[in-house]
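First up is the structure itself, then whatever we jot down about it.
In this note's numbering, the protein residues as written are 2 to 392.
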(Lines of atoms letter the chains of each structure in order from A and count residues from 1; the text may use other names and numbers.)
(Lines give C-alpha, C1' and ligand atoms only; values in the text may rest on other atoms or scores of the structure.)
Protein backbone atom coordinates (compact mmCIF):
# COMPACT_ATOMS: atom_id res chain seq x y z
CA UNK A 1 0.00 0.00 0.00
CA UNK A 2 2.83 2.43 0.82
CA UNK A 3 4.39 1.77 -2.60
CA UNK A 4 1.07 2.59 -4.29
CA UNK A 5 0.59 5.79 -2.29
CA UNK A 6 4.12 6.91 -3.13
CA UNK A 7 3.67 6.24 -6.86
CA UNK A 8 0.32 8.03 -6.91
CA UNK A 9 1.60 11.01 -4.96
CA UNK A 10 4.68 11.55 -7.11
CA UNK A 11 2.35 12.07 -10.10
CA UNK A 12 1.16 15.25 -8.45
CA UNK A 13 4.73 16.50 -8.31
CA UNK A 14 5.58 15.52 -11.89
CA UNK A 15 8.19 13.00 -10.83
CA UNK A 16 8.61 9.23 -10.67
CA UNK A 17 9.47 6.86 -7.83
CA UNK A 18 11.50 3.95 -9.22
CA UNK A 19 12.01 0.64 -7.47
CA UNK A 20 14.61 -0.44 -10.02
CA UNK A 21 17.23 -2.36 -8.00
CA UNK A 22 20.21 -0.78 -9.81
CA UNK A 23 19.09 2.44 -11.54
CA UNK A 24 22.64 3.77 -12.03
CA UNK A 25 25.53 1.35 -12.68
CA UNK A 26 28.42 1.50 -10.19
CA UNK A 27 26.37 3.53 -7.71
CA UNK A 28 24.42 2.28 -4.67
CA UNK A 29 21.25 0.46 -5.67
CA UNK A 30 17.82 0.08 -4.06
CA UNK A 31 16.81 -2.64 -1.65
CA UNK A 32 13.89 -3.77 0.51
CA UNK A 33 15.65 -4.68 3.73
CA UNK A 34 13.59 -7.16 5.77
CA UNK A 35 13.45 -7.08 9.58
CA UNK A 36 12.43 -10.44 10.99
CA UNK A 37 11.88 -11.92 14.45
CA UNK A 38 10.02 -14.76 16.11
CA UNK A 39 8.71 -14.88 19.67
CA UNK A 40 11.78 -16.82 20.82
CA UNK A 41 14.09 -14.26 19.24
CA UNK A 42 12.46 -11.47 21.24
CA UNK A 43 12.74 -13.28 24.57
CA UNK A 44 15.72 -13.64 26.92
CA UNK A 45 18.77 -15.17 25.19
CA UNK A 46 16.93 -14.85 21.89
CA UNK A 47 20.28 -14.10 20.24
CA UNK A 48 20.87 -17.88 20.20
CA UNK A 49 17.69 -18.35 18.17
CA UNK A 50 18.72 -15.50 15.87
CA UNK A 51 22.12 -17.10 15.27
CA UNK A 52 20.46 -20.43 14.56
CA UNK A 53 18.14 -18.75 12.04
CA UNK A 54 21.12 -17.10 10.34
CA UNK A 55 22.79 -20.48 10.01
CA UNK A 56 19.67 -21.79 8.27
CA UNK A 57 19.58 -18.74 6.00
CA UNK A 58 23.20 -19.38 5.03
CA UNK A 59 22.35 -22.92 3.92
CA UNK A 60 19.49 -21.69 1.70
CA UNK A 61 21.19 -18.60 0.28
CA UNK A 62 20.52 -19.51 -3.35
CA UNK A 63 16.85 -20.27 -2.66
CA UNK A 64 16.41 -16.85 -1.07
CA UNK A 65 18.21 -15.02 -3.87
CA UNK A 66 15.71 -16.49 -6.34
CA UNK A 67 12.84 -15.08 -4.26
CA UNK A 68 14.38 -11.69 -3.51
CA UNK A 69 13.71 -9.75 -6.72
CA UNK A 70 11.16 -9.62 -9.53
CA UNK A 71 13.26 -11.59 -11.99
CA UNK A 72 14.43 -14.71 -10.16
CA UNK A 73 17.75 -13.26 -9.03
CA UNK A 74 18.68 -11.39 -12.23
CA UNK A 75 18.10 -7.96 -10.71
CA UNK A 76 20.16 -8.72 -7.62
CA UNK A 77 22.97 -9.99 -9.85
CA UNK A 78 23.38 -6.34 -10.91
CA UNK A 79 22.90 -4.92 -7.42
CA UNK A 80 24.70 -7.34 -5.06
CA UNK A 81 28.21 -6.91 -6.41
CA UNK A 82 30.17 -6.59 -3.18
CA UNK A 83 30.58 -2.85 -3.81
CA UNK A 84 28.88 0.31 -2.52
CA UNK A 85 28.11 -1.22 0.88
CA UNK A 86 26.34 -4.25 -0.58
CA UNK A 87 27.18 -7.94 -0.11
CA UNK A 88 28.19 -10.15 -3.03
CA UNK A 89 25.43 -12.32 -4.49
CA UNK A 90 27.76 -15.33 -4.60
CA UNK A 91 28.57 -15.35 -0.87
CA UNK A 92 26.45 -15.42 2.27
CA UNK A 93 27.83 -13.25 5.08
CA UNK A 94 26.54 -12.17 8.48
CA UNK A 95 27.76 -9.80 11.16
CA UNK A 96 26.94 -7.30 13.87
CA UNK A 97 26.23 -3.72 12.73
CA UNK A 98 27.78 -4.47 9.33
CA UNK A 99 25.99 -2.88 6.37
CA UNK A 100 28.02 -4.96 3.91
CA UNK A 101 26.65 -8.32 5.12
CA UNK A 102 23.86 -10.40 3.65
CA UNK A 103 22.22 -10.52 7.10
CA UNK A 104 22.93 -8.03 9.83
CA UNK A 105 22.39 -8.23 13.59
CA UNK A 106 21.82 -4.65 14.83
CA UNK A 107 24.30 -3.51 17.48
CA UNK A 108 21.58 -3.00 20.08
CA UNK A 109 20.26 -6.51 19.49
CA UNK A 110 23.77 -7.90 20.00
CA UNK A 111 24.07 -6.01 23.29
CA UNK A 112 20.58 -6.88 24.54
CA UNK A 113 20.96 -10.56 23.52
CA UNK A 114 17.49 -10.61 21.96
CA UNK A 115 15.53 -8.85 19.22
CA UNK A 116 15.54 -9.37 15.45
CA UNK A 117 17.69 -9.82 12.35
CA UNK A 118 17.92 -7.72 9.19
CA UNK A 119 18.09 -9.44 5.80
CA UNK A 120 19.69 -6.93 3.39
CA UNK A 121 19.47 -9.07 0.25
CA UNK A 122 15.92 -8.36 -1.05
CA UNK A 123 15.88 -5.92 -3.98
CA UNK A 124 13.66 -2.82 -4.12
CA UNK A 125 11.23 -4.57 -6.49
CA UNK A 126 10.95 -7.73 -4.37
CA UNK A 127 7.48 -9.00 -3.49
CA UNK A 128 7.11 -8.68 0.32
CA UNK A 129 4.78 -11.69 0.39
CA UNK A 130 7.54 -13.83 -1.16
CA UNK A 131 10.05 -12.41 1.33
CA UNK A 132 7.87 -13.26 4.33
CA UNK A 133 7.02 -16.69 2.96
CA UNK A 134 10.63 -17.79 2.41
CA UNK A 135 11.78 -16.35 5.75
CA UNK A 136 9.10 -18.30 7.61
CA UNK A 137 9.91 -21.49 5.72
CA UNK A 138 13.60 -21.17 6.49
CA UNK A 139 13.55 -19.83 10.03
CA UNK A 140 11.07 -21.78 12.08
CA UNK A 141 8.87 -24.31 10.32
CA UNK A 142 10.41 -27.52 11.62
CA UNK A 143 7.11 -29.37 11.25
CA UNK A 144 6.90 -28.66 7.53
CA UNK A 145 10.53 -29.61 6.95
CA UNK A 146 10.04 -32.84 8.89
CA UNK A 147 6.86 -33.67 6.97
CA UNK A 148 8.67 -33.21 3.67
CA UNK A 149 11.58 -35.37 4.82
CA UNK A 150 9.25 -38.14 5.98
CA UNK A 151 7.35 -38.06 2.68
CA UNK A 152 10.64 -38.19 0.78
CA UNK A 153 11.82 -41.16 2.83
CA UNK A 154 8.52 -43.04 2.94
CA UNK A 155 9.86 -45.85 0.76
CA UNK A 156 12.45 -46.63 3.48
CA UNK A 157 9.65 -47.04 6.05
CA UNK A 158 11.38 -45.17 8.91
CA UNK A 159 10.08 -45.86 12.40
CA UNK A 160 10.84 -43.64 15.36
CA UNK A 161 10.23 -43.55 19.08
CA UNK A 162 11.28 -41.29 21.93
CA UNK A 163 12.14 -41.73 25.60
CA UNK A 164 11.44 -38.41 27.33
CA UNK A 165 13.17 -37.59 30.64
CA UNK A 166 12.03 -34.78 32.92
CA UNK A 167 12.10 -33.61 36.52
CA UNK A 168 9.12 -32.87 38.73
CA UNK A 169 9.77 -29.80 40.85
CA UNK A 170 8.05 -27.45 43.23
CA UNK A 171 6.90 -24.13 41.74
CA UNK A 172 10.13 -22.54 42.98
CA UNK A 173 12.23 -25.12 41.14
CA UNK A 174 13.24 -27.59 43.87
CA UNK A 175 13.08 -31.27 42.80
CA UNK A 176 10.27 -33.17 44.50
CA UNK A 177 11.38 -35.59 47.20
CA UNK A 178 14.75 -33.96 47.82
CA UNK A 179 15.50 -33.24 51.50
CA UNK A 180 15.14 -29.59 52.52
CA UNK A 181 18.43 -27.76 52.18
CA UNK A 182 20.33 -30.80 50.95
CA UNK A 183 20.72 -33.59 48.44
CA UNK A 184 19.45 -37.17 48.34
CA UNK A 185 21.71 -40.21 48.25
CA UNK A 186 23.69 -40.53 44.98
CA UNK A 187 22.02 -41.97 41.86
CA UNK A 188 21.63 -45.72 41.85
CA UNK A 189 18.65 -47.09 43.77
CA UNK A 190 15.99 -44.93 42.10
CA UNK A 191 15.89 -46.20 38.51
CA UNK A 192 12.66 -48.16 37.85
CA UNK A 193 12.33 -48.47 41.65
CA UNK A 194 9.36 -48.95 43.93
CA UNK A 195 8.86 -47.63 47.43
CA UNK A 196 8.04 -44.23 48.89
CA UNK A 197 11.66 -43.85 50.05
CA UNK A 198 12.88 -43.98 46.44
CA UNK A 199 10.26 -42.40 44.19
CA UNK A 200 7.68 -39.61 44.24
CA UNK A 201 4.44 -38.81 42.41
CA UNK A 202 3.54 -42.25 41.09
CA UNK A 203 -0.14 -41.30 41.29
CA UNK A 204 0.52 -38.31 39.06
CA UNK A 205 2.38 -40.43 36.52
CA UNK A 206 -0.34 -43.09 36.45
CA UNK A 207 -2.87 -40.32 35.78
CA UNK A 208 -0.63 -38.95 33.03
CA UNK A 209 -0.41 -42.37 31.37
CA UNK A 210 -4.19 -42.71 31.37
CA UNK A 211 -4.63 -39.19 29.98
CA UNK A 212 -2.31 -40.02 27.08
CA UNK A 213 -4.18 -43.24 26.31
CA UNK A 214 -7.48 -41.36 26.39
CA UNK A 215 -6.07 -38.70 24.04
CA UNK A 216 -4.88 -41.29 21.54
CA UNK A 217 -1.17 -40.72 22.15
CA UNK A 218 0.89 -43.83 21.34
CA UNK A 219 2.53 -44.02 24.75
CA UNK A 220 4.11 -47.36 25.64
CA UNK A 221 5.59 -46.90 29.09
CA UNK A 222 6.57 -44.80 32.12
CA UNK A 223 9.32 -45.38 34.67
CA UNK A 224 11.18 -43.57 37.44
CA UNK A 225 14.55 -42.15 36.38
CA UNK A 226 18.03 -42.30 37.86
CA UNK A 227 17.40 -39.40 40.25
CA UNK A 228 14.61 -38.78 42.77
CA UNK A 229 11.89 -36.69 41.09
CA UNK A 230 13.05 -37.74 37.60
CA UNK A 231 10.64 -39.72 35.43
CA UNK A 232 10.64 -41.08 31.89
CA UNK A 233 7.89 -41.81 29.42
CA UNK A 234 8.12 -43.46 26.01
CA UNK A 235 6.14 -42.85 22.81
CA UNK A 236 6.27 -44.95 19.64
CA UNK A 237 7.69 -46.70 17.79
CA UNK A 238 5.58 -45.24 15.02
CA UNK A 239 6.06 -44.71 11.30
CA UNK A 240 7.30 -41.36 10.03
CA UNK A 241 6.37 -38.21 11.88
CA UNK A 242 3.78 -39.73 14.24
CA UNK A 243 6.12 -40.15 17.22
CA UNK A 244 7.07 -36.46 17.08
CA UNK A 245 3.40 -35.43 17.07
CA UNK A 246 2.76 -37.76 20.00
CA UNK A 247 5.73 -36.45 21.94
CA UNK A 248 4.61 -32.83 21.64
CA UNK A 249 1.09 -33.77 22.71
CA UNK A 250 2.38 -35.85 25.64
CA UNK A 251 4.57 -32.95 26.80
CA UNK A 252 1.52 -30.67 26.72
CA UNK A 253 -0.68 -33.15 28.60
CA UNK A 254 2.00 -33.60 31.25
CA UNK A 255 2.58 -29.87 31.67
CA UNK A 256 -1.15 -29.26 31.97
CA UNK A 257 -1.77 -32.17 34.36
CA UNK A 258 0.94 -31.28 36.85
CA UNK A 259 -0.82 -27.96 37.44
CA UNK A 260 -3.57 -29.96 39.18
CA UNK A 261 -0.93 -31.39 41.54
CA UNK A 262 0.68 -28.05 42.33
CA UNK A 263 3.98 -29.08 40.73
CA UNK A 264 6.01 -28.40 37.59
CA UNK A 265 7.41 -30.70 34.89
CA UNK A 266 10.71 -29.29 33.68
CA UNK A 267 12.42 -30.32 30.45
CA UNK A 268 15.54 -28.36 31.37
CA UNK A 269 18.45 -30.51 30.12
CA UNK A 270 20.57 -29.99 33.26
CA UNK A 271 18.33 -28.85 36.12
CA UNK A 272 20.87 -29.66 38.87
CA UNK A 273 24.61 -29.33 38.18
CA UNK A 274 26.69 -32.50 38.65
CA UNK A 275 23.59 -34.72 38.72
CA UNK A 276 22.07 -36.69 35.82
CA UNK A 277 20.31 -34.43 33.35
CA UNK A 278 17.28 -34.89 31.11
CA UNK A 279 17.36 -36.23 27.56
CA UNK A 280 15.01 -37.15 24.72
CA UNK A 281 16.51 -40.43 23.56
CA UNK A 282 15.58 -41.23 19.96
CA UNK A 283 14.91 -44.76 18.69
CA UNK A 284 15.37 -45.03 14.93
CA UNK A 285 15.10 -47.75 12.32
CA UNK A 286 14.53 -48.16 8.60
CA UNK A 287 12.99 -51.13 6.82
CA UNK A 288 16.44 -52.55 6.03
CA UNK A 289 17.51 -52.30 9.67
CA UNK A 290 14.56 -54.39 10.78
CA UNK A 291 15.16 -57.18 8.26
CA UNK A 292 17.63 -60.08 8.39
CA UNK A 293 21.24 -58.91 8.86
CA UNK A 294 19.92 -55.41 9.45
CA UNK A 295 22.74 -54.95 11.97
CA UNK A 296 25.01 -54.17 9.00
CA UNK A 297 22.71 -51.31 7.97
CA UNK A 298 22.61 -50.09 11.58
CA UNK A 299 26.40 -50.06 11.76
CA UNK A 300 26.61 -48.13 8.47
CA UNK A 301 24.12 -45.58 9.84
CA UNK A 302 26.18 -45.19 13.01
CA UNK A 303 29.26 -44.52 10.88
CA UNK A 304 27.36 -41.76 9.07
CA UNK A 305 26.21 -40.32 12.40
CA UNK A 306 29.80 -40.26 13.64
CA UNK A 307 30.88 -38.13 10.67
CA UNK A 308 28.11 -35.55 11.27
CA UNK A 309 28.34 -35.42 15.07
CA UNK A 310 28.65 -31.63 15.24
CA UNK A 311 25.73 -31.07 12.89
CA UNK A 312 23.50 -33.27 15.06
CA UNK A 313 24.60 -31.58 18.28
CA UNK A 314 23.43 -28.25 16.83
CA UNK A 315 19.96 -29.74 16.22
CA UNK A 316 19.66 -31.67 19.47
CA UNK A 317 18.62 -28.99 21.96
CA UNK A 318 16.72 -25.70 21.98
CA UNK A 319 19.83 -23.50 21.98
CA UNK A 320 22.07 -24.75 19.17
CA UNK A 321 24.13 -27.08 21.38
CA UNK A 322 24.51 -24.79 24.39
CA UNK A 323 22.19 -26.89 26.59
CA UNK A 324 23.93 -30.13 25.73
CA UNK A 325 27.28 -28.53 26.52
CA UNK A 326 26.08 -28.55 30.15
CA UNK A 327 24.52 -32.03 29.99
CA UNK A 328 26.90 -34.11 27.86
CA UNK A 329 29.95 -33.92 30.11
CA UNK A 330 31.06 -37.56 30.10
CA UNK A 331 29.72 -37.97 33.65
CA UNK A 332 26.55 -39.43 35.20
CA UNK A 333 26.14 -42.02 32.45
CA UNK A 334 26.26 -39.45 29.65
CA UNK A 335 28.68 -39.23 26.71
CA UNK A 336 30.97 -36.25 26.20
CA UNK A 337 29.76 -33.63 23.73
CA UNK A 338 33.22 -33.46 22.10
CA UNK A 339 33.41 -37.14 21.18
CA UNK A 340 31.18 -39.48 19.22
CA UNK A 341 30.99 -42.97 20.70
CA UNK A 342 28.90 -46.06 19.99
CA UNK A 343 28.52 -49.46 21.63
CA UNK A 344 26.27 -52.35 22.55
CA UNK A 345 24.14 -51.98 25.71
CA UNK A 346 26.29 -49.02 26.81
CA UNK A 347 24.38 -46.15 28.41
CA UNK A 348 27.46 -43.90 28.26
CA UNK A 349 27.65 -43.85 24.44
CA UNK A 350 26.39 -41.25 21.99
CA UNK A 351 24.56 -43.99 20.08
CA UNK A 352 23.65 -47.32 21.59
CA UNK A 353 22.77 -50.65 20.00
CA UNK A 354 20.44 -52.46 22.42
CA UNK A 355 21.69 -55.88 23.53
CA UNK A 356 18.72 -57.71 22.02
CA UNK A 357 19.30 -55.98 18.68
CA UNK A 358 22.94 -57.09 18.75
CA UNK A 359 21.91 -60.68 19.43
CA UNK A 360 19.08 -60.73 16.85
CA UNK A 361 21.27 -59.01 14.22
CA UNK A 362 18.47 -56.61 13.29
CA UNK A 363 16.28 -53.92 14.88
CA UNK A 364 17.04 -50.29 15.66
CA UNK A 365 19.56 -47.84 17.13
CA UNK A 366 19.20 -45.43 20.05
CA UNK A 367 20.61 -41.90 19.79
CA UNK A 368 21.16 -40.68 23.36
CA UNK A 369 22.40 -37.20 22.50
CA UNK A 370 19.16 -35.18 22.14
CA UNK A 371 18.37 -33.03 25.18
CA UNK A 372 15.02 -33.02 26.96
CA UNK A 373 14.02 -29.74 25.32
CA UNK A 374 14.93 -30.86 21.79
CA UNK A 375 12.33 -30.45 19.05
CA UNK A 376 11.40 -33.98 17.86
CA UNK A 377 10.68 -32.66 14.36
CA UNK A 378 14.29 -31.48 14.14
CA UNK A 379 15.53 -34.81 15.52
CA UNK A 380 13.64 -36.81 12.91
CA UNK A 381 14.70 -34.50 10.07
CA UNK A 382 18.41 -34.71 10.84
CA UNK A 383 18.30 -38.48 11.42
CA UNK A 384 16.67 -39.00 8.03
CA UNK A 385 19.09 -36.63 6.31
CA UNK A 386 22.09 -38.42 7.75
CA UNK A 387 21.03 -42.06 7.87
CA UNK A 388 18.82 -42.29 4.78
CA UNK A 389 19.71 -39.50 2.37
CA UNK A 390 23.44 -39.06 3.12
CA UNK A 391 23.00 -35.26 3.16
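Glycine included, each C-beta is placed from N, C-alpha and C at the ideal position.
Quick check: the segment 167–187 against the segment 217–231, are at least 3 beta-carbon pairs closer than 8 Å?
yes
Contact check, residue 136 vs residue 146, beta carbons under 8 Å:
Here residue 136 is taken as the residue at index 135 of the chain shown, counted from 1. Here residue 146 is taken as the residue at index 145 of the chain shown, counted from 1. At least 8 Å separates the beta-carbon of residue 136 from that of residue 146.
Quick check on this structure: which residue in 379, 367 and 289 has the alpha carbon closest to the alpha carbon of residue 322?
Sequence index remark: in the chain shown, residue 322 carries index 321 (1-based). Nearest of 379, 367 and 289 to residue 322, Cα basis: 379.
Which residues does DSSP list as the beta-bridge partners of residue 108?
Numbered from its first residue, the chain shown carries residue 108 at position 107. Looking at the DSSP assignment, residue 108 forms no beta bridge with any residue, so it has no partner.
Could you check how far apart the C-beta atoms of residue 184 and residue 255 are, in whole angstroms? I think they sit under 8 Å.
As a working note, residue 184 is residue 183 in the chain shown. As a working note, residue 255 is residue 254 in the chain shown. Between the beta-carbon of residue 184 and that of residue 255 there is about 25 Å, and that puts the pair past the 8 Å contact cut.
Determine which residues share a DSSP beta bridge with residue 372 and list them.
Walking along the chain shown from the start, residue 372 turns up at place 371. Note: residue 372 sits in a beta bridge opposite 280.
According to DSSP, which residues form a beta bridge with residue 36?
Numbered from its first residue, the chain shown carries residue 36 at position 35. Paired residues: 119.
Report yes or no: do three or more beta-carbon pairs, one from the segment 46–63 and one from the segment 126–134, lie closer than 8 Å?
Contact fails: fewer than three Cβ-Cβ distances are below 8 Å.
Just to confirm, is the Cβ distance from residue 70 to residue 124 under 8 Å?
Within the chain shown, residue 70 is the residue found at index 69, counting from 1. Within the chain shown, residue 124 is the residue found at index 123, counting from 1. Yes, the pair counts as a contact, with Cβ atoms nearer than the cut-off.
Residues bridged to residue 232 [DSSP beta-bridge criterion]:
In the chain shown, the residue the question calls residue 232 occupies position 231. For residue 232, which the question treats as bridged, DSSP gives the partners 167 and 225.
Should residue 381 go down as buried or exposed, given a rule of 16 or more other Cβ atoms within 10 Å for buried?
Counting from one through the chain shown, the residue named residue 381 turns up at place 380. The residue in question, residue 381, is buried, as its Cβ has 16 or more Cβ neighbours within 10 Å.
Measuring CA to CA, which of 157, 190 and 11 is closest to residue 291?
Position 290 of the chain shown holds residue 291. The residue with the shortest Cα to Cα distance from residue 291 is 157.
Identify which residue in 53, 129 and 19 has its Cα closest to the Cα of residue 36.
Start at 1 with the first residue of the chain shown, and residue 36 comes out as number 35. Nearest of 53, 129 and 19 to residue 36, Cα basis: 129.
Quick one: residues in its chain with C-beta nearer than 7 Å to the C-beta of residue 206, no 5 flanking neighbours on either side, listed in chain order?
Here residue 206 corresponds to residue number 205 of the chain shown, with the count starting at 1. Here the set comprises 223 and 232.
Is it buried or exposed for residue 2, if we count other Cβ within 10 angstroms and need 16 for buried?
Taking the first residue of the chain shown as 1, we reach residue 2 at position 1. Its Cβ having fewer than 16 others within 10 Å, residue 2 is exposed.
Leaving out the 5 sequence neighbours to the left and right, which residues in its chain are closer than 7 Å to residue 248 when beta-carbon positions are compared?
As a first step, residue 248 must be located in the chain shown, where it is residue number 247. Same-chain partners within the cutoff: 163, 165, 236 and 377.
Which whole runs of the alpha helix (DSSP H) in the segment 272–326 are 4 residues long or more, in chain order?
288–291, 295–308 and 310–316
Backbone CA spacing between residue 259 and residue 250 [nearest angstrom]
Here residue 259 refers to the residue found at position 258 of the chain shown. Here residue 250 refers to the residue found at position 249 of the chain shown. Each residue's Cα considered, the two are about 14 Å apart.
When you compare only the Cα positions, how much space is there between residue 107 and residue 98?
As a first step, residue 107 is located in the chain shown; it is residue number 106 there, counting from the start. As a first step, residue 98 is located in the chain shown; it is residue number 97 there, counting from the start. The straight-line gap from Cα to Cα measures roughly 5 Å.
Using a Cβ distance threshold of 8 Å, determine whether the segment 258–272 contacts the segment 349–366, with at least three qualifying pairs required.
no
What does the alpha-carbon distance come out to for the pair residue 91 and residue 34?
Your numbering for residue 91 matches position 90 in the chain shown. Your numbering for residue 34 matches position 33 in the chain shown. Using only the alpha carbons, I get a separation of about 18 Å.
What do you reckon, are the CB atoms on residue 100 and residue 23 nearer than 8 Å?
As a working note, residue 100 is residue 99 in the chain shown. As a working note, residue 23 is residue 22 in the chain shown. Taking 8 Å as the Cβ cut-off, residue 100 and residue 23 do not qualify as a contacting pair.
Identify every residue that forms a DSSP beta bridge with residue 367.
As a position in the chain shown, residue 367 is number 366, starting the count at 1. According to DSSP, which records beta bridges pairwise, residue 367 is partnered with 284 and 353.
Quick check: the Cα distance between residue 246 and residue 214, rounded to an integer number of angstroms?
Here residue 246 refers to the residue found at position 245 when the chain shown is read from its first residue. Here residue 214 refers to the residue found at position 213 when the chain shown is read from its first residue. Roughly 14 Å separates the two Cα atoms.
Buried or exposed for residue 6, please, with buried defined as at least 16 other CB atoms from any protein chain shown within 10 angstroms of its CB.
Translated into the one-based positions of the chain shown, residue 6 becomes position 5. That one is exposed.
Do the CB positions of residue 104 and residue 49 come within less than 8 Å of each other?
Taking the first residue of the chain shown as 1, we reach residue 104 at position 103. Taking the first residue of the chain shown as 1, we reach residue 49 at position 48. No.
Starting from residue 63, follow the alpha helix (DSSP H) in both directions and report where the run begins and ends.
Position 62 of the chain shown, counted from the start, is the residue given in the question as residue 63. Start and end: 62–68.
In terms of residue numbering, what span does the alpha helix (DSSP H) encompassing residue 387 cover?
For the purposes of this step, residue 387 is taken as residue 386 along the chain shown, with counting starting at 1. Residues 377–388.
Among 243, 78, 273 and 154, nearest to residue 187 - alpha-carbon criterion
Residue 187 sits at position 186 when you count from the first residue of the chain shown. Residue 187 has its Cα closest to that of 273, out of 243, 78, 273 and 154.
Using three-state DSSP, classify residue 73 as helix, strand or coil.
Translated into the one-based positions of the chain shown, residue 73 becomes position 72. Here residue 73 sits in coil by DSSP.
Classify residue 54: buried if its beta carbon has 16 or more other beta carbons within 10 angstroms, exposed otherwise.
Counted from its first residue, the chain shown places residue 54 at position 53. Label assigned to residue 54: buried.
Please report the straight-line C-alpha distance between residue 358 and residue 341, rounded to a whole angstrom.
Here residue 358 is taken as the residue at index 357 of the chain shown, counted from 1. Here residue 341 is taken as the residue at index 340 of the chain shown, counted from 1. When rounded, the distance between both Cα atoms is 20 Å.
With DSSP as the reference, please indicate the residues paired to residue 343 in a beta bridge.
Residue 343 sits at position 342 when you count from the first residue of the chain shown. Looking at the DSSP assignment, residue 343 forms a beta bridge with 352.
The beta strand (DSSP E) enclosing residue 218, as first and last residue numbers
To locate residue 218, count along the chain shown from 1; it is residue 217. Careful: residue 218 lies outside any beta strand (DSSP E) and carries neither H nor E.
To the nearest angstrom, how far is it from the Cα of residue 44 to the Cα of residue 109?
Counting from 1 along the chain shown, the entry for residue 44 is found at position 43. Counting from 1 along the chain shown, the entry for residue 109 is found at position 108. If I take the Cα positions, the gap works out to 14 Å.
Would you list the one or two residues that DSSP bridges to residue 267?
Along the chain shown, one-based indexing puts residue 267 at 266. Residue 267 is bridged by DSSP to 168.
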